Amino acid sequence: MAGIGMKRGIIALGIVLVLLAGFYAAWRILHHDQVGVPVAYSNPVFAHDAADPTVLKAEDGYYYAITTQTNYDGTFVPLPILRSKDLVHWERKGSVFTAEQVPSWATGNYMWAPHLTSYKGKYYVYYATKVNDGDPLKGMGIGVAVADHPLGPYRDHGAPVVWGTGFEKIDPFVLDDDDGKRYLYWGSDKQPIYAQQLSDDGFGVVGEEKAVIYPGVQSREAYDALVEAPWVVKRNGYYYMFYSGDYCCLDNSGNAAHYAVMAARAESPIGPFEAFPDNPILEKDEAFLAPGHNAVIQDDAGRDWMLYHAIDLQDVSTSGRVLMLDRISWKDGWPVVHDGSGPSSTLQEDGPITRK
């Protein structure tokens with residue numbers, strides 16, 4: 001009898017093990033379907049001029065990036081729109097405006113540094129442009145256009161949200177904070193990066209502007225001699241600001257661009273911000289020059305990624321500032337990009353994870 005009982009026990013145990021194996025296999029399939037696998041990539045992820053990228057994942061499951069003005073096949077395109085399913089494979093899908101649709105108060109060949117955000121079911125694109133409303137005192141300003149979908153069609157607000165007398169009010173970024181308040185950031189022209197509370201409708205500002213990041217020593221070697229391109233994320237109780245400086249581009253004299261990404265953190269969206277002691281967090285390497293003006297986005301596994309532009313030293317004359325991607329990790333309370341080794345230039349097997 002004992003032998004029969006033992007056999008029954010072994011059979012029962014075998015059935016349990018088979019069932020557990022089946023459950024585990026089903027869990028693996030479900031987990032794979034939900035999270036997916038890393039998509040390997042090599043930089044650049046979009047080998048065309050795509051400066052000053054912004055990025056957002058929309059409700060349709062796609063990532064949308066919008067960049068500064070450029071030319072495609074000889075045609076001027078203000079604020080081109082790119083789309084990707086995985087942050088790696090990008091395709092051009094239109095633009096916020098055509099050349100003919102540029103708002104009358106704006107200047108067509110000054111359509112810079114967009115920021116795409118969603119709010120109450122609408123998509124808003126904030127952008128920098130030269131104000132062209134007949135007032136000679138106005139320089140660059142920040143406009144906004146609204147659509148029901150990231151691909152548009154977009155309707156412009158019809159006037160700048162803010163404007164300055166020079167180039168100080170460019171590179172907009174909007175933060176929607178946990179308490180419901182919204183903040184507009186901007187900065188350049190060797191002035192501080194500023195923040196100001198945004199009105200609920202997103203078309204104006206309230207209260208006073210506040211300087212949150214100041215330029216550093218005015219030296220050709222200092223990346224923070226000029227500060228611009230703010231992007232703010234909230235992680236572990238801190239507001240982290242990513243920002244860039246000093247000079248983004250190759251000029252007509254062939255002088256080398258001098259640009260890198262820096263970081264600062266604060267316990268409030270309007271500071272005071274503490275700069276990372278070991279700035280910059282991303283600078284040139286042997287393959288890519290002047291990396292910067294970044295956006296930050298999470299993949300479907302919750303991992304942070306930096307989308308940014310850089311000059312490809314293998315293709316300086318034709319590609320402009322190409323679109324780049326690298327992983328952000330966190331160490332001792334600060335962001336680290338590509339393990340601190342500069343832009344990646346080899347195959348990255350552990351790429352973004354995208355839900356299928």
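Heads up: the sequence shown at position 330 corresponds to 330 in our numbering, and the numbers run straight through without jumps.
Think of the CB as a built atom: it goes at the ideal place given N, C-alpha and C, for glycine as much as any other residue.
Source: prediction; values computed, not measured.
Item: Could you tell me how far apart the beta carbons of C249 and A260 are, in whole angstroms, since I believe they sit closer than 8 Å?; Value: Actually they are not in contact, since the Cβ atoms of C249 and A260 sit about 14 Å apart, beyond 8 Å.
Item: Apart from the five residues on each side of it in sequence, which residues of its chain come closer than 6 Å, Cβ to Cβ, to G342?; Value: D285
Item: DSSP three-state label for S319, please.; Value: helix
Item: Is it true that the CB of D86 sits closer than 9 Å to the CB of G351?; Value: yes
Item: How is the beta strand (DSSP E) around V174 delimited, first residue to last?; Value: F173 to D176
Item: Using a Cβ distance threshold of 8 Å, determine whether the segment 133 to 151 contacts the segment 45 to 55, with at least three qualifying pairs required.; Value: no
Item: Does the separation of the CB atoms of Y76 and G108 fall below 9 Å?; Value: Rather than Tyr, the amino acid found at residue 76 in this sequence is Phe. A contact, by the Cβ cut-off of 9 Å.
Item: What do you reckon, are the CB atoms on D60 and P103 nearer than 9 Å?; Value: no
Item: Using the C-alpha atoms, what's the distance from L151 back to Y62?; Value: 11 Å
Item: Taking Q298 as the reference, which of D179, T346, V146 and I328 has the closest Cα?; Value: I328
Item: At the level of alpha carbons, what is the spacing between V227 and G202?; Value: 24 Å
Item: With a threshold of 16 other CB atoms inside 10 Å of the CB of V316, please say whether the residue is buried or exposed.; Value: exposed
Item: Thinking C-beta only, is M306 closer than 9 Å to L282?; Value: yes
Item: Output needed for W268: all residues of its chain with C-beta closer than 8 Å, excluding positions within five of it in sequence on either side, in chain order.; Value: For the sequence presented, residue 268 should be read as Ser rather than Trp. Only Y239 meet the Cβ criterion.
Item: For L82 versus L323, is the C-beta spacing smaller than 9 Å?; Value: yes
Item: Given that a residue counts as buried once 16 or more other Cβ atoms are within 10 Å of its Cβ, and exposed if not, what is G187?; Value: buried
Item: Residues in the same chain with beta-carbon distance under 7 Å from A310, minus the five sequence neighbours each way, listed in chain order, please.; Value: F288, L289, A290, P291, R321, V322, M324 and P343
Item: What runs of the beta strand (DSSP E), each 3 residues or longer, lie entirely inside the segment 284 to 311?; Value: 288 to 298
Item: If you reduce the DSSP assignment to three classes, tell me which class G396 lands in.; Value: In the structure as shown, the chain begins at 1 and stops at 356. Residue 396 is therefore absent and cannot be evaluated.
Item: May I have the straight-line CA-CA distance separating D332 from W112, to the nearest angstrom?; Value: 35 Å
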